[in-house]
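What follows is a set of notes on a single structure, which appears directly below.
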Amino acid sequence: MTRFLLVVPPLVGHVNPLVGVAGELARRGHPVAWAGHADQIHRLAGRDVTVFDCPMPAGGLVRPPELTGPAAFRFLWEEFFVPLADLMAPGIEAAIDAFRPDVVLGDQHAVAGALIAERKGIPYVTSATTSAELIDPLAGMPKVAAWLGELLGGLRARIGDPAGTADPRFSPYGVIAFTGRELLGDAPLPWERTHLVGPAIAPRADRSDFPWDELDPGRPTVLVSLGTANADAGGRFLAEAVTALDGLGDAVQGVVVDPGHTLSAVPPGVLVRAHVPQLDLLARADAVVCHAGHNTVCESLWHGLPLVLAPIRDDQPIVAQQVVDAGAGVRVRFNRVNAARLATAVETVLDSAGGHRAAAEAIGRSFRAAGGHVTAAGHLERIAAQHAPAPAPVPATH
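Laid out in structure tokens, this is it:
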């Protein structure tokens, strides 16, 4: 029996992959607790899980919509991930002292978990919820890489072990990456102890009241989603998507996710919801239009669905290119695409002659074979066993 503490940032796409892992570890008899945004974790993982609440940035992750490229990367780390680590550090330390975990499983972008575990001498494993950092996106930007190194060094001096040298984004004990070689391509991995387990597809505590009876089983269903962190930037794109789907008429059944309530006039043939039970909906969909967020991409491919990709920022351009290179989707310009081009892109991926569905289905088979949350739990058990403290010697009897 091993005690696992899961440390996550307040981002849905970083929590969801670990929900299934936590459930599988618990099913195997291991005590599991979480450290992070308690309300969000309870909403996603269930009310019965153990959560140590940590302070969070006021207002969550909010960025200027026009911020992209290296500027967006710098903003993300300087204005969100590093301040988040400083805020979470006392709560994580309290969680470790109270729960006394044998292993800490920390999200790649909730680096306080790695730094505090390192300082306390606890084995820690990285949870990588995107494939982008596995191919070193800063390789061509040495100045940005050096800047990030200094930023993380300052953070380590404040909350971690100043003598530590490991990159807190890549644990020397192991990295659990929720992706697969078929999406990564031939890019070398950053660390030999990186375990590619595919997406974690497991039941979630989803309380969405989705109107399933409004779906037309006679038409291909196309899901349009920009994720939960892009409501500030997606209004124009979602409006063009609605127009595109409406223009395709009876050829498709459009479902558009609009968490920011940006759409005012919606034609009757397109279903718009603030939230959807994504995994359940993907099981009934035929194609997906999205921002190339890693979770949505991998969950779609797991279901064998071809993609229309409109990357906005962060890791999304890298993930989008991986999908295109794999033949499972087409890419459009987020800021410039119009309804006509979106409609053409949707028709392209739905056309079986183009091979996009066949490529997506092949990736899906490889993802399912990788094992997802079940394989991840197995790796965590092995890592824990390898680094368990030696049993105390038994006193000799006379």
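Numbering of the sequence shown is given in numbering that gives the first Met the number 0, commencing with residue 0 and proceeding in unit increments. Glycine is no exception: its CB is placed at the ideal position from the N, C-alpha and C atoms.
Chain-order list of residues whose beta-carbon lies under 6 Å from that of residue i (same chain, five-residue window excluded)
i    : result
G234 : T261
L225 : G233 and H290
E360 : G303
L247 : A342
G58  : none
W301 : P198, I200, G363 and F366
F79  : L60
Limits of the unbroken beta strand (DSSP E) element including residue i
i    : result
T175 : Strictly speaking, residue 175 in this sequence is Ile, with Thr absent from that position. Counting along the chain, the beta strand (DSSP E) containing I175 begins and ends at V174 to A176.
L104 : V102 to D106
R218 : Where R218 is concerned, there is no enclosing beta strand (DSSP E), given that its DSSP letter is neither H nor E.
F51  : T49 to D52
R2   : Unbroken run through R2: none, as it is neither H nor E.
H194 : T193 to L195
V269 : V269 to R272
R330 : G328 to R330
For residue i, three-class secondary structure by DSSP
i    : result
W33  : strand
G253 : strand
C297 : helix
A286 : strand
A309 : coil
A57  : coil
S365 : helix
A127 : strand
S351 : helix
L247 : coil
V322 : helix
G12  : helix
V223 : strand
I121 : coil
I40  : helix
F236 : helix
L188 : coil
G112 : helix
D212 : helix
V345 : helix
A359 : helix
P316 : helix
L304 : coil
P167 : coil
R198 : Inspection of the sequence shows that residue 198 is occupied by Pro rather than by Arg. Coil at P198, not helix or strand.
Residue i burial status per 10 Å Cβ neighbour count (16 or more: buried)
i    : result
W76  : buried
S299 : buried
D285 : buried
A384 : exposed
S263 : exposed
R46  : exposed
G217 : exposed
E23  : buried
T125 : buried
P82  : exposed
G153 : exposed
P316 : buried
T164 : exposed
A273 : exposed
A186 : exposed
A70  : exposed
N294 : buried
E149 : exposed
W211 : exposed
D313 : buried
P16  : buried
P191 : Residue identity differs from the one stated: residue 191 is Glu in this sequence, not Pro. Per the 10 Å Cβ criterion, exposed.
Residue i, enclosing alpha helix (DSSP H) - first and last residue
i    : result
D279 : Q277 to L281
G148 : P141 to I158
V265 : No alpha helix (DSSP H) holds V265; DSSP gives it neither H nor E.
E181 : R180 to L183
H372 : G371 to Q385
E92  : V81 to F98
Contacts around residue i, its chain only, beta-carbon distance under 8 Å, and the 5 residues preceding and following it disregarded
i    : result
R27  : A376 and E380
V331 : V307, L308, A309, R340, L341 and A344
A325 : E181, L182, G184, A358 and I362
L237 : V223, L225, V255, D257, T261 and L262
P266 : V241 and D245
Proximity test, residue i beta-carbon vs the ligand NAP heavy atom, cut-off 7 Å
i    : result
A165 : Ligands in the displayed structure: none, and consequently the ligand NAP is not present.
Neighbourhood of residue i by C-beta distance below 7 Å, restricted to the same chain and skipping five residues each side
i    : result
V269 : V241, L244, D245, G253 and V255
T374 : V196
Contact with chain D by residue i, beta-carbon distance below 8 Å
i    : result
P161 : This model lacks chain D altogether, as it is built from one protein chain only.
With contact counted as at least three CB pairs below 8 Å, one residue from each stretch, are the stretch 348–362 and the stretch 303–316 in contact?
-> yes
Quick check: the stretch 92–104 against the stretch 334–350, are there 3 or more CB pairs under 8 Å?
-> No, the stretch 92–104 is not in contact with the stretch 334–350.
Segment contact flag, the stretch 79–99 with the stretch 108–118, C-beta cutoff 8 Å, min 3 pairs | yes
Check whether the stretch 117–133 touches the stretch 158–167, taking contact to mean three or more Cβ pairs, one atom from each stretch, closer than 8 Å.
-> yes
Is the stretch 27–39 in contact with the stretch 175–192, if contact means three or more CB pairs nearer than 8 Å?
-> no
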